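Chains A and B, in that order, give the protein sequences.
Start counting the first sequence at 1; every next residue gets the next number (my numbering).
Start counting the second sequence at 730; every next residue gets the next number (my numbering).
Beta carbons are placed, not taken as given, at the ideal position from N, Cα and C, and that holds for glycine.
Treat the numbers as computed from the prediction; the structure is a model and nothing was measured.
To start, the structure under review is shown below, and the notes come after it.
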Amino acid sequence: MEQDQAAVGPRTCRGDRSDSRSVEAEARRTEKPPSSPTVGELAQTLLGARQAPAPGDCAAPRCRRSRPYRPLLKSQSRSGEGQARGPEEEGGELAARPAREYPLTIAEKRRLRDCQQADIKYISGWKQWKRTSSKSLKKVLNEVRELLSFLELWRHDIHSIEGKFGTGIQSYFSFLRFLVLLNFIIFILMFSFVTLPSIISKYGIFNSSFTKTPLKNIEPHCTVYKPSGNMGLVYFYTYLKDLLSGTGFLEVTSLFYGYYTIDAAWLRILRYNLPLAYLLATFAYLALSLLWIIKRSVEGFKQNLVHDEDQFQSYCNKVFAGWDFCITDPNAAQLKHRSLQYELQTDLEEERLKRKIADRTMKEKLRIYSLRLFINIIVIAVLSGCFYAIYRATVFSQENSNDVSNTNFQANLLVQYLPSIVITLANFIAPQIFSFLIRFEDYSPAFEIRLTLMRCVFVRLANIGVLLFSLWSQISYCATDECKACGYNYELYPCWESEVGQEMYKLMIFDFIILLAGTLFVDFPRKLLVTHCSCKPVQWCGLQEFGISDNVLEIIYGQTICWIGTFFSPLLPAIATIKYFLIFYIKKISLIHTRKPAARPIRASSSNFFFLVVLLIGLVLAFIPLGISIAYIPSSKACGPFRSFNTSWAVVPDTILGFPTGLQQVLHGIASEAFAVPFFMVICLIMFYFIALAGAHKRVVEQLREQLMMESHDKLFLIRKITEAQRHP
Amino acid sequence: MLLELWERGCLPLCSGGKSCLCCLCPEGCLPRRSRHRASLVLASSSAYKRFSELLPKEERENACSTRVPKSQILTLPELRANPFQHRICRVFSTSDNGDDSMSFEDFLDMLSVFSDSAPSDIKSHYAFRIFDFDDDGTLDRKDLEKLVNCLTGQGEESRLSNAEMEQLIRNILEESDIDKDGTINLSEFQHVVSRSPDFTSSFKIIL
């Protein structure tokens with residue numbers, strides 16, 4: 001059928017009847033072979049007919065001929081219009097594809113457009129309107145998209161990085177931009193729902209006011225909280241210390257939880273329930289982050305569901321999409337050649353290794369497994385060492401920083417920052433140990449990289465968890481009865497949420513300082529040394545590579561701190577936004593001036609998916625401490641919006657009690673087991689249905705592949721028969 | 730106003746932004762009074778500027794109708810470092826005498842295929858043509874070998890060994906040759922490239 005269309009000749013454009021006859025004749029002359037088709041040509045055409053990808057594809061007729069492309073170019077200008085009619089007739093009902101979607105030269109596209117426009121006169125009014133409206137809609141969408149792309153932050157910078165360093169490093173900077181936007185939106189959320197109403201009601205703008213309901217059933221000693229706010233004239237370094245550690249004048253600002261000691265804000269007669277707003281804004285920003293990350297990572301995940309093959313490492317992807325056409329610099333091109341060669345050789349070696357592993361004997365397997373077990377025990381020992389060090393450092397820091405008599409500025413600051421310092425050291429040393437140990441475990445190279453990365457991720461995120469755990473153990477340590485009445489150590493931590501907020505604040509500031517110091521005091525001197533000193537060991541050391549995974553883990557660690565800390569310090573996302581904004585420029589300058597490109601670059605697609613998966617792990621790990629703080633640990637009675645509740649979560653049941661009875665019953669019904677169990681079962685059924693659907697689709701795909709294979713075999717068989725028939729007529 | 734006279738959907742823009750207008754109408758399509766403005770807009774587009782820089786000074790006036798020899802095209806920084814530079818010139822050139830010279834329209838063709846906004850099946854169609862070194866409409870073993878050699882570099886030490894090349898080509902054909910005839914045709918290529926996550930981000934040139 002498709003073949004017949006090709007053999008008959010081009011259909012002429014209706015609007016161009018004058019030279020149609022000559023065009024047809026000429027087209028037939030150029031397209032029909034001079035002699036009767038040889039078997040070879042027939043075979044070619046038969047096999048070539050398989051190449052038609054879609055019925056509406058204008059390119060199909062040309063490809064079907066499977067002739068050399070050059071002669072086609074000559075007859076393009078003539079046959080182009082004829083072939084352009086094909087999709088018009090076939091797809092008469094559909095809106096015509098714009099000329100830009102056909103793989104033709106400009107001359108042909110012009111003719112196609114002329115055809116389409118001439119055709120418009122000959123179709124009915126309804127189709128005409130449909131076509132023109134869809135065209136104008138597409139135009140409008142394009143304009144909007146173009147406008148939005150102008151608003152994109154750092155578009156030009158990221159393009160230039162992509163051109164010089166490739167798409168792997170560009171994905172890191174795109175990820176950084178995503179985090180800046182995410183933090184900015186979280187800041188807007190918290191600011192507009194929590195900070196703004198508090199500030200408005202505290203300063204009485206627009207005739208607003210706030211109320212602090214007196215507490216009933218609470219021991220008076222729990223409610224004593226005297227933060228050392230503005231102390232009048234103090235030494236300058238006290239200000240600096242306060243700025244760096246969040247104490248003093250900073251503690252009473254809206255940066256920390258303690259400022260929001262408001263039970264309700266009143267705007268004339270409207271009541272704004274601030275505690276509820278605080279809790280709901282927390283849930284909202286967590287949900288927003290979760291949804292946004294999942295939306296971004298859906299693309300990479302879809303690939304894996306349909307096919308079992310490891311798409312990110314497939315050979316076709318590496319060979320057909322291997323070369324970065326954006327590269328303009330010959331040096332970068334040379335590096336790209338080498339990295340491609342290295343990548344291909346590594347993959348081939350890994351395949352050979354896999355076959356070797358499959359051939360291992362029992363004795364070898366036993367030896368390797370026991371070795372791996374031993375090394376994993378060492379890894380666990382290293383981790384426990386880190387955790388214990390962090391725990392002791394936190395306890396020491398908490399005990400000594402509350403000791404006001406210590407007036408030595410530097411020592412005090414050091415004690416304040418001790419947990420941050422220990423965490424940073426642990427984050428630096430542990431990965432080095434892991435990459436040393438993994439060599440003995442005899443895994444394939446790709447798996448080695450992944451396992452080391454996973455271990456590093458775990459170290460970084462678990463360190464934060466251990467810090468929080470040690471803080472809580474300090475906060476809930478109760479020896480006296482009075483303390484037990486409050487539920488937390490009211491003497492040392494009258495407002496414990498602010499303390500936790502301060503720790504997160506310190507972690508964030510320190511993280512940024514270390515990054516800045518690393519660039520200034522390590523990267524640039526190293527570059528100067530390498531450029532000006534030509535002795536052997538220095539040249540052998542050389543410049544450092546831009547390790548994408550290390551940098552990504554750093555910023556994910558910072559983001560996890562931000563997520564956990566925002567509940568205790570609502571303005572922390574603003575600090576995070578500014579921090580990531582500055583980090584972009586610092587990293588960009590460091591990359592351009594002091595780094596050499598990596599010898600083993602990670603691919604852009606797998607990097608994107610990997611970054612988002614690790615970010616998701618960070619978010620899920622942030623849920624745990626937040627969940628425990630909100631639902632389990634008693635909120636402080638001396639400060640904050642949750643003074644009159646047992647825990648922060650208690651504001652939700654309290655609000656529900658204020659709803660009308662019907663709604664209350666509905667909500668209680670939803671929260672009860674009678675609803676939850678059937679709901680869970682229904683969700684499981686839906687999930688099983690989708691899994692079965694995916695499995696069925698996979699089987700259909702397999703069957704279709706086999707069918708394609710058989711059709712090709714059939715064709716070869718037929719061609720053989722034809723050849724035989726021709727030979728023996 | 731000028732854009733409304735032209736069918737914007739003719740050609741994708743070659744690089745984002747209004748300053749680069751690759752949409753052209755040939756002379757004769759536009760009404761007389763707007764031809765002057767057409768040439769003004771044309772002259773300001775970055776594609777036109779880059780193209781006319783390749784020509785010697787005296788020929789820059791009618792850059793629209795002159796052909797630039799291949800050697801000049803290959804001095805463009807975007808193509809200079811590209812291992813497929815010769816194939817690109819061959820595929821996009823509409824020159825009759827086989828010298829692979831490119832006119833301004835061929836240049837725009839090339840830019841529009843490599844632009845951000847080109848649909849991915851156009852990109853894969855042209856990628857297939859670029860990788861088809863012997864122009865026979867299929868990618869067979871020889872084509873794949875040449876392709877891999879282009880990727881790994883030109884020197885002797887940067888080539889894969891024969892055994893590695895065999896293993897690699899066998900793996901590629903296993904993944905992409907659906908009808909098991911030993912060659913990759915256009916639809917198989919487009920199918921495997923549509924599943925490739927890196928293709929659209931790497932197959933682009935930005936002026």
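- Three or more beta-carbon pairs separated by less than 8 angstroms link the segment 409-424 of chain A to the segment 239-247 of chain A, which places the two stretches in contact.
- With a beta-carbon spacing of about 15 angstroms, A/S712 and B/D869 fall beyond the 8 angstroms limit used to define contacts.
- In the structure shown, B/R888 falls within a coil segment according to DSSP collapsed to helix, strand and coil.
- Under the three-state reduction of DSSP, B/K933 is assigned to coil, being neither helix nor strand.
- Excluding residues up to 5 positions away in sequence, F175, L176, L179, Y580 and I583 lie with their Cβ nearer than 8 angstroms to the Cβ of A/I555 in the same chain.
- One finds E101 in chain A with Cβ atoms closer than 7 angstroms to the Cβ of B/P848, taken in chain order.
- Per DSSP, reduced to three states, the secondary structure at A/A430 is helical.
- Contact of B/H854 with chain A is assigned, a C-beta pair being separated by under 7 angstroms.
- Cβ neighbours of A/Q474 within its own chain (closer than 6 angstroms, five residues either side excluded): Q398.
- Per DSSP, A/F568 is not a residue of any beta strand (DSSP E), being assigned neither H nor E.
- Annotated as proximal: A/T424 and A/I514, with beta-carbon spacing under 7 angstroms.
- With respect to A/T577, A/N317 sits apart: the two C-beta atoms are not nearer than 7 angstroms.
- Nearest in C-alpha terms to A/R372, of all of A/R296, A/P431, A/H532 and A/E441, is A/E441.
- Taking a C-beta cut-off of 8 angstroms against chain B, the contacting residues of the segment 325-351 of chain A are F325, C326, I327, T328, D329, P330, A332, A333, Q334, H337, R338, L340, Q341, L344, Q345, L348 and E351, listed in chain order.
- In this structure, DSSP gives B/K778 a helical state, which the three-state scheme calls helix.
- Taking a Cβ-Cβ threshold of 7 angstroms, the residues of chain A close to B/N811 are F325, in chain order.
- Linking A/F447 to A/Y369 through their CA atoms gives a straight-line distance of about 16 angstroms.
- Residue environment analysis places A/C541 among the exposed positions, since fewer than 16 neighbouring C-beta atoms fall within 10 angstroms of its C-beta.
- Contact of B/K875 with chain A is not assigned, every C-beta pair being separated by 7 angstroms or more.
- In its chain, beyond the 5 residues on either side, Q919 have a beta carbon closer than 7 angstroms to the beta carbon of B/D850.
- Among the residues facing chain B, A/Y315 is included, as its CB has a counterpart in that chain under 7 angstroms away.
- Proximity of A/I106 to chain B, defined by a Cβ-Cβ separation below 7 angstroms, is satisfied.
- When C-alpha distances from A/L244 are compared across A/M681, A/C684, A/G558 and A/F512, the shortest belongs to A/F512.
- Chain-order list of chain B residues neighbouring A/G322: L880, by C-beta distance under 7 angstroms.
- Fewer than three Cβ pairs drawn from the segment 664-683 of chain A and the segment 516-532 of chain A lie within less than 8 angstroms of each other, which leaves the two stretches out of contact.
- Residue environment for A/M504: buried (at least 16 other C-beta atoms within 10 angstroms of its C-beta).
- DSSP, read as helix, strand or coil, puts B/L868 in strand.
- A direct Cα-to-Cα measurement between B/L936 and B/Q801 gives close to 16 angstroms.
- Per DSSP, the unbroken alpha helix (DSSP H) holding A/T238 starts and ends at F236 to S245.
- Ranked by Cα distance from B/R899, the first of A/S314, A/D119 and A/R111 is A/S314.
- Chain B has a Cβ within less than 7 angstroms of the Cβ of A/L708.
- When C-beta distances to chain A are compared with 8 angstroms, the residues of the segment 782-815 of chain B below that value are P806, E807, R809, A810, N811, P812 and F813, in chain order.
- Interface annotation, B/T912: not in contact with chain A, CB-CB separation never under 7 angstroms.
- Closest by C-alpha distance to B/S925, out of B/S905, B/T912, B/D910 and B/G911, is B/S905.
- At a cut-off of 7 angstroms between beta carbons, B/S775 makes no contact with chain A.
- Not a single C-beta of chain A is nearer than 7 angstroms to the C-beta of B/S830.
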